[in-house]
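Quick notes on the structure that follows.
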Amino acid sequence: MKGSGSLSSLRAALDPGRYWSRAGEQLQTTTSGAAVARFGQYAVLPLLAIAGGLGPSYFGIRWTFAILVIVMYALLRSRSGLFGMVVLGAMLVYLPHQMDTFERGIMFDIALYALLGIGLNVVVGYAGLLDLGYVAFFASGAYLYALISAPQFGGGFDVGTSFWIVLPMAMVLAALVGIALGVPVLRLRGDYLAIVTLGFGEIIRIMINNQDGVTNGPVGVFAIPKPHFGSTELSGPVELYFVVLAGCFVAAFAAERIRDSRVGRAWEAIREDEDVASSMGVNTTAYKLMAFAIGAAIGGGGGVIYSAKQSAVFPSDFNLDVSINVLALVIIGGMGNVRGVILGAMLLIGLPEVLRDFSINIAFIHLDNLGADYRLVIFGAALVAVMILRPEGLLPARRRQAQFEPADVLEPEVAT
Amino acid sequence: MQEWIQLLIDGITIGGVYAVIALGYTLVYGVLRMINFAHGELFMMGAFTGYYTLNGFEKHSSLNDSVPVLTIAIAIVLGMVVAVTLALVMERIAYRPLRRAPRLAPLISAIGVSILLRNIMLRATNAQGKVYPKVFPRTAVEIGEIRLLYVQIFLIVLSFVFLGLLYLFIQRTKAGVAIRAVAEDRDTASLMGINVDRTIMTTFAVGAALAGAAGVVYGMFVTTATSGMGFIPGIKAFTAAVLGGIGSVPGAMAGGYFLGISEAISTKFFGAQYKDVVAFVLLVAVLIFRPWGLFGKREDKRA
């Protein structure tokens, strides 16, 4: 019974056409899904006009953000494809010009975490490898750029161009680190993998903290130069935000293309049942390492941009919380779905910042600075709530969503 | 030689703490196949309960000086009660609805509970560590060059006592048999008339009681309680549980002591700042070469 179950899931995984159309039909017949999709198409433009045109100066950041999230959700949920993406892109490009420095910083953080989420999603969402040490790749990218370009180590590099050279270098380095982590843990599964990767992330942080001669230890690396684009220095949060945004689009595009390729189908087979995948001739070793390497490369690239934005990096920037935040946004947004990751980043990274100065004064309850003081309390409670109410995430991948439907809907397909 | 004995004693001290916490992980993992990431926070809540209890006695009475045995016993019992209550609540709210959900869901939920508890305590204490009142004399017993704090002796003895009691509980009582049966095969156990829900609650309660008690004693040992104190010992204890073969009760005990002693000895060679690295390297090595644990039974496949 169990064997045939895994076989059928593998067949479904290797034969996306049939599965997709079924999942698609289901999605359309789901009333809420269709309603939201329709809402998305009709409500987008006026809402966009409100959010973009009147902008934060009129509404304040909180309402603008709320509108932004609603629009994003509608756009991401509807399958308007190219149109939605173009509108989304235009909005993300236009909005920061309406914002002040603090708000631009938030937009940068959201975009950076979305980028990291897209990377981790390759490992966790596509290949099903639970990685709790993703910060290691982020840290390796950040420190590579910091050490090469910061003047306190002699440097000697042309800082004007080094960013664009270090970026691919960091991605390669992170990919190698990813493979180095991947090789010993190949045989591990599930929770074991989680705890080993967690340990690996901590080891990297402790090493950075203690190798004073190389990394300057807990004191950190300072005066990291900003990147240049042509002769323009990309110094403000908006300019670097665009760099991350471009990174997000490239990474998202690449990730979705890979997912739909032979590699992606192999990942899916491994995720569903590794033993069956391997016995069907999928080279599980190679594909798992590939997932680690690609996810890590994206994380490394994110690290370089982070380092350039911050101008200073410290080992304490790269603690376990980063890994947990990225994992949480991937899972809450909807595993295996780049759109879900983007939504997850907006909610998990953006919302607590927006609520920073939010206060509650009802009757005898007085909670000032709700966002600043209690945001992590709320964050923890929200993680639990989302898992209970929607364990598949807010915007699950279509194929994953189908898995959460009653089993009998899909079973007849196997029998034919 | 004496230096080695000192390292060994230090290792046994911290190893006892790891062992007691590790039991909670291994029991819960045994019945639910889930890492209870919030387990370290139960330990932290125990430490805070211990602080508030002992501090209350210090402020309002002189019992801490006249009958310290009584106040310490009360603190430990209250620490256990608080931890057990919390564990049952979190099991009911955050884990039980997710029993049939995909595997990642309860893990994320547990991470959520962990973040929640840690930050509630951070707010409640205004990010200030709480310093325990002086219950034990801070002097040490000295044998040659070996130093042993009184509280250290207490901790070592108490962890042995707890481990012994737990072993008897698991092996000899009916509830213990039920826990082992559910760990072996939940569906079959349920067919044999075992109330699975209640057994899972018992498992959480037992693990939490141990963590709460360990928190109080560890708090007295390090003399402060902070909201972040549960995290690293929690991870280490999980490591210990894996070292001993997760799901195995004697394995978790042995793994705890093994990890504690390895860490203590490693400080001699690499310095104290690398002891976390040593713990994790040990974990990775064990998982690669003996994935069933140093002391566990070999199984063909682990999920």
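Sequences listed follow chains A and B, in order. If you're matching positions, the first sequence starts at 5 in our numbering and goes up one per residue. If you're matching positions, the second sequence starts at 115 in our numbering and goes up one per residue. Glycine included, each C-beta is placed from N, C-alpha and C at the ideal position.
Minimum Cβ-Cβ distance from residue i to chain A less than 9 Å
i	result
B:Met148	yes
B:Val391	yes
B:Ser362	no
B:Arg87	The structure shown does not extend to residue 87 of chain B, since chain B is modelled only from 115 through 417, so no value can be given for it.
B:Gln387	yes
B:Tyr143	yes
B:Gly226	yes
B:Asn233	yes
B:Pro182	no
B:Val247	Residue identity check: residue 247 of chain B is Pro in the sequence provided, not Val. Chain A, which has no Cβ nearer than 9 Å to the Cβ of B:Pro247, makes this no.
B:Phe383	no
B:Ala201	no
B:Thr427	Outside the modelled stretch of chain B, which goes from 115 to 417, sits residue 427 of chain B, for which no answer is possible.
B:Pro347	no
C-alpha distance - residue i paired with residue j, whole-angstrom precision
i	j	result
A:Gln30	A:Val334	With a pLDDT of 45 at A:Gln30, under the threshold of 50, the modelled position of that residue is not reliable, and the figure given next carries that caveat. A:Gln30 and A:Val334: Cα-Cα distance of roughly 24 Å.
A:Pro461	B:Pro216	This structure cannot settle anything about residue 461 of chain A, because the visible part of chain A is limited to 5 through 420.
B:Leu200	A:Phe142	35 Å
A:Val225	A:Tyr310	13 Å
A:Arg212	A:Leu293	Here the sequence assigns Ile to residue 212 of chain A, which means Arg is not the residue at that position. Rounded to the nearest angstrom, the two C-alpha atoms are 24 Å apart.
A:Gly194	B:Gly290	27 Å
B:Ser362	B:Leu397	16 Å
A:Pro229	A:His101	24 Å
B:Arg213	B:Arg300	12 Å
A:Leu352	B:Ala303	41 Å
A:Gly348	B:His153	26 Å
A:Ser153	A:Ser239	15 Å
A:Ala184	A:Ala178	10 Å
B:Ile119	B:Ala133	20 Å
When the options are compared against residue i, the one with the closest alpha-carbon
i	options	result
A:Phe246	A:Lys313, A:Leu399 and A:Ile122	A:Lys313
A:Arg275	B:Phe352, B:Thr167, B:Leu212 and B:Leu218	B:Leu218
A:Ser144	A:Val176, A:Asp113 and A:Gly340	A:Val176
B:Gly348	B:Gly374, B:Ile123, B:Gly125 and B:Phe157	B:Phe157
A:Leu3	A:Val330, A:Arg209, A:Ala389 and A:Trp168	In the structure displayed, chain A extends from 5 to 420; residue 3 of chain A sits before or after that span and is not available.
B:Leu401	A:Asn214, A:Gly251 and A:Leu197	A:Leu197
B:Ser228	B:Lys173, B:Met343 and B:Glu172	B:Met343
B:Phe403	A:Thr288, A:Leu387 and A:Leu192	A:Leu192
B:Leu221	A:Val342, A:Pro356, A:Ile328 and A:Gly354	A:Ile328
B:Ile260	B:Lys288, B:Leu121 and B:Pro405	B:Leu121
B:Ala354	B:Glu256, B:Ile346 and B:Met367	B:Met367
A:Gly354	A:Pro155, A:Met111 and A:Asp325	A:Met111
A:Val218	A:Tyr147, A:Leu324 and A:Met339	A:Tyr147
A:Phe383	B:Arg147, B:Asn233, B:Arg210 and B:Gly138	B:Asn233
B:Leu373	B:Val245, B:Ala351, B:Thr313 and B:Arg147	B:Ala351
A:Gly338	A:Thr288, A:Tyr291 and A:Leu393	A:Leu393
B:Phe394	A:Ala150, A:Pro395, A:Glu260 and A:Glu206	A:Glu206
B:Leu280	B:Gly138, B:Gln387 and B:Val181	B:Gly138
B:Met235	A:Leu398, A:Ala295, A:Leu380 and A:Asp277	A:Leu380
A:Val200	A:Val189, A:Ile210, A:Arg209 and A:Ile208	A:Val189
A:Ile210	B:Val331, B:Ile314 and B:Gly385	B:Gly385
Whole-angstrom C-beta distance between residue j and residue i, which should lie under 8 Å
i	j	result
B:Thr163	B:Leu192	5 Å
B:Ile186	B:Val249	6 Å
B:Ala197	B:Ala325	6 Å
B:Met306	B:Ala295	7 Å
A:Ala259	A:Asn125	7 Å
Spatial neighbours of residue i in its chain, beta-carbon cut-off 7 Å, leaving aside the 5 residues before and after
i	result
A:Leu90	The identity of residue 90 of chain A in the sequence shown is Val, whereas the question assumes Leu. Correct list: empty, nothing qualifies.
B:Gly243	Thr338, Ala339 and Thr340
A:Val181	Ala140, Phe141, Ser144 and Ala300
B:Thr317	Leu141, Val142, Val145 and Ile293
A:Thr33	At A:Thr33, the pLDDT of 45 sits below 50, so the modelled position is not reliable; the number obtained from the coordinates is stated separately. If we look at A:Thr33 and ignore the five residues flanking it on each side, it has no Cβ neighbours.
A:Val326	Val139 and Phe142
Within-9 Å CB hit, residue i to chain B
i	result
A:Asn213	yes
A:Glu396	yes
A:Gly44	Low confidence applies to A:Gly44: its pLDDT is 47, below 50, so where it sits in the model is not reliable enough to give any reading.
A:Val127	no
A:Ser196	Contrary to the premise, residue 196 of chain A reads as Tyr rather than Ser in this sequence. Yes, A:Tyr196 lies at the interface with chain B (some Cβ there is under 9 Å from its Cβ).
A:Ala384	Here residue 384 of chain A is Gly; the residue named in the question, Ala, does not match the sequence. At least one chain B Cβ lies under 9 Å of A:Gly384.
A:Ala349	no
Same chain, Cβ closer than 8 Å to residue i, five either side skipped, listed in chain order
i	result
B:Gly407	Val356, Leu357, Gly358, Gly359, Ile360, Ser362, Gly365, Gly369 and Val400
A:Gly306	Leu116, Leu119, Leu120, Gly123, Phe142, Gly145, Val248 and Gly251
A:Thr35	With a pLDDT of 47 at A:Thr35, under the threshold of 50, the predicted position of this residue should be treated as unreliable, though the coordinate-derived value follows. Cβ within range, chain order: n/a, list empty.
A:Ile114	Ala349, Met350, Ile353 and Gly354
A:Val170	Leu148, Tyr149, Ile152, Ser153 and Val308
Own chain partners of residue i with C-beta closer than 6 Å, once the 5 adjacent residues on each side are dropped
i	result
B:Leu263	Ala254
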